[in-house]
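Trainee:
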Amino acid sequence: MERKTHKVLGYEVDLLTFNDAVKVILENIKEKKGMQIVTINPEMIELADKSKVFSSILKNADMVVPDGSGIKLALKLQGIKQEQIPGIDLAHELIASCEIFNYPIALIGAKENVIQTTVKRLKSEFQGINISYYKNGYFSSSKEDEIIDSLAESEPKLVLVALGAPKQEIFITKCRKKMPEAIFIGVGGSFDVWSGEVERAPEFFRIMGCEWLYRTIKQPERIKRIYKTLPMFLFKVIIEAARKNG
Ligand code: UDP
Numbered sequence: 031m032e033r034k035t036h037k038v039l040g041y042e043v044d045l046l047t048f049n050d051a052v053k054v055i056l057e058n059i060k061e062k063k064g065m066q067i068v069t070i071n072p073e074m075i076e077l078a079d080k081s082k083v084f085s086s087i088l089k090n091a092d093m094v095v096p097d098g099s100g101i102k103l104a105l106k107l108q109g110i111k112q113e114q115i116p117g118i119d120l121a122h123e124l125i126a127s128c129e130i131f132n133y134p135i136a137l138i139g140a141k142e143n144v145i146q147t148t149v150k151r152l153k154s155e156f157q158g159i160n161i162s163y164y165k166n167g168y169f170s171s172s173k174e175d176e177i178i179d180s181l182a183e184s185e186p187k188l189v190l191v192a193l194g195a196p197k198q199e200i201f202i203t204k205c206r207k208k209m210p211e212a213i214f215i216g217v218g219g220s221f222d223v224w225s226g227e228v229e230r231a232p233e234f235f236r237i238m239g240c241e242w243l244y245r246t247i248k249q250p251e252r253i254k255r256i257y258k259t260l261p262m263f264l265f266k267v268i269i270e271a272a273r274k275n276g
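So that you can map any letter, position 196 of the sequence shown is 226 in this note's numbering, and since no number is skipped, the others follow by simple counting.
Quick look at the structure:
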């Protein structure tokens, strides 16, 4: 399938449905074409503007899906209708497919109790799941090479990395040098949700595109992140849309 993208503040975002995203990823697993999938949100764009390394990772990603409602809105302002593709849902669907095809998967990230519970819960939800490797996300950089070697030896087809942005994307770039055929996706706080540590926003908030608001109410420490990035992001996307439309 030909890749169709559109730029938001200089970063290409893929225009595709949730189902097509899954289809493309599964095709690439079959054809042993490795991928780095980024689930983009306004905070990541803000981070990328301050970091050349992160910006180049975003620009070179094989698939960039609009995780945040902010990205969906930015596209809408440019006249493009694109559904939101939450990374957590995409990752969950991919796990379900990997179970069917018996593709080994690996999970890296989150606190030790969170990753343990996540593995336990996934094994009970997907009884045929093949988890070839898992590791918590609190390791020193001196252990990184060792971890990447063990991960590569376990030969997963899909690797979910939950270290938060930009740490997870930078880690994925390092892994890919040893594992060019695997599919990598940065999944942020997904393991916290799957383990039950953090509650997912109720459907109402999700449908309204206000998952961020719910997460901020539940985790007030996130307010600093939102307050610092969201108003500026909105300002910039309105200017961008006015320029393009005008
Ligand atoms: N995390 C980690 N190692 C670190 C820093 C963070 O494993 O050194 C984990 C953290 O425990 C959490 C996830 O990364 O599970 C980041 O979650 P956050 O909610 O910040 O991600 P978002 O979804 O907002 O990108």
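Glycine included, every Cβ here is placed at the ideal spot set by N, Cα and C.
At the level of alpha carbons, what is the spacing between C128 and F234?
Mentor: Cα to Cα, C128 sits roughly 30 Å from F234.
Trainee: Measuring only from the beta carbon, is S184 closer than 8 Å to any heavy atom that is part of the ligand UDP?
Mentor: Answer for S184: no, Cβ out of range of the ligand UDP.
Trainee: Can we say the region 183-190 touches the region 212-230, given the rule of at least three CB pairs closer than 8 Å?
Mentor: Yes: at least three Cβ pairs fall under 8 Å.
Trainee: Do you know whose CA, among E155, E176 and T246, lies nearest K165's CA?
Mentor: It is E176 whose Cα lies nearest to the Cα of K165.
Trainee: Cβ of Y164 within 8 Å of any heavy atom in the ligand UDP?
Mentor: For the ligand UDP, not one heavy atom lies less than 8 Å from the Cβ of Y164.
Trainee: For E142 and A136, what's the separation of their Cα atoms in angstroms?
Mentor: Going by the C-alpha atoms only, they are around 15 Å apart.
Trainee: Runs of 4 residues minimum, wholly inside the region 215-262: which ones carry the alpha helix (DSSP H) assignment?
Mentor: Within the region 215-262, the complete alpha helix (DSSP H) runs of at least 4 residues are 220-224, 233-237 and 241-248.
Trainee: Kindly identify the DSSP beta-bridge partner or partners of V43.
Mentor: DSSP output for V43 lists H36 as bridge partner(s).
Trainee: Alpha carbon to alpha carbon, how far is F131 from V295? Give it in angstroms, no decimals.
Mentor: Residue 295 is absent from the model: the chain starts at 31 and stops at 276.
Trainee: Quick check: Q112 and D97, are their CB atoms within less than 9 Å of each other?
Mentor: Going by C-beta atoms, Q112 is not nearer than 9 Å to D97.
Trainee: Distance, Cα to Cα, M262 vs I159?
Mentor: Using only the alpha carbons, I get a separation of about 42 Å.
Trainee: Among the candidates I200, T259 and K258, whose CA atom is the shortest distance from the CA of S86?
Mentor: Ranking the options by Cα distance to S86, first place goes to I200.
Trainee: Among I268, L260 and R273, which one has its Cα closest to the Cα of E76?
Mentor: Among I268, L260 and R273, the Cα nearest to that of E76 belongs to L260.
Trainee: For the beta strand (DSSP E) holding G100, just list the boundary residues, first then last.
Mentor: That residue, G100, is in no beta strand (DSSP E); its alpha helix (DSSP H) goes S99 to L107.
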